[in-house]
Amino acid sequence: QNNFTLFNKFEIREGERPDTVAEYLYSSADLDWVVMLTAGIINVRDQWPLSNFDLYNYAENKYGNELNSVRFYETTEVKDSSGRLILPKGKIVSSNFTIPNPSNPLTNLNPVTGISNFEYEVRKNEDKRLVYVLKSDYLQAYIGDLRRIMHYEKSSQYINKRLAATENTRNTSP
């Protein structure tokens, strides 16, 4: 993903799924696995952004009556009269955090805002929206390379060219 010639940044929009992204990018919903692999997503349930509706339901189930309770406090941006940054926003602090007022050093400011459990979950979900996906120009080379790399050698599990036996873990006890 660090090779910018092979990947594009892509923002997953509200309600999109891996198959709809694959359809949009590669004209085939069947290539959803390419989207997932190149975006570094192993578990779609935990790593793919939820829709707003699903996110609310998830957060409500997780936090219940504490959904809108303050999870933590963070700083708001503070600048002096010349527009110089004194305190950046987004630093996690305690609720009683203060700094000297840049306009009147004899007083203190409490540049703090509370972040609720729900807002925290929204932020985590939004962070999942920006992924790197393979440029379509390299799709066929990528698929060809994977076919060559993932070649299955004959073994005791070999049945034929397209089939290998595996253990059914659902029916096997530990």
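Residues in the sequence shown are numbered from 1027 upward in steps of one, following our numbering. In this text, a Cβ means the ideal position worked out from N, Cα and C, and glycines have one as well. The structure displayed is predicted, hence computed values, not measured ones.
Two segments are said to touch when three or more pairs of C-beta atoms, one from each, lie closer than 8 Å; by this definition the stretch 1094 to 1106 touches the stretch 1120 to 1133. A residue is called buried when at least 16 other Cβ atoms come within 10 angstroms of its Cβ; W1074 meets this threshold and is buried. Excluding its 5 nearest sequence neighbours in each direction, V1047 has C-beta neighbours in its own chain below 8 Å: F1036, I1038, D1058, V1061, V1159, listed in chain order. Around the beta carbon of L1156, fewer than 16 other beta carbons sit within 10 angstroms, so the residue counts as exposed. When the beta-carbon positions are compared, Y1050 and S1162 stay at least 8 Å from each other. A straight-line Cα-Cα distance of about 15 Å links Y1168 and N1034.
A straight line joining the alpha-carbon of D1056 with that of N1151 spans about 25 Å. If you keep only unbroken beta strand (DSSP E) runs of at least 3 residues inside the stretch 1164 to 1194, you get 1184 to 1186.
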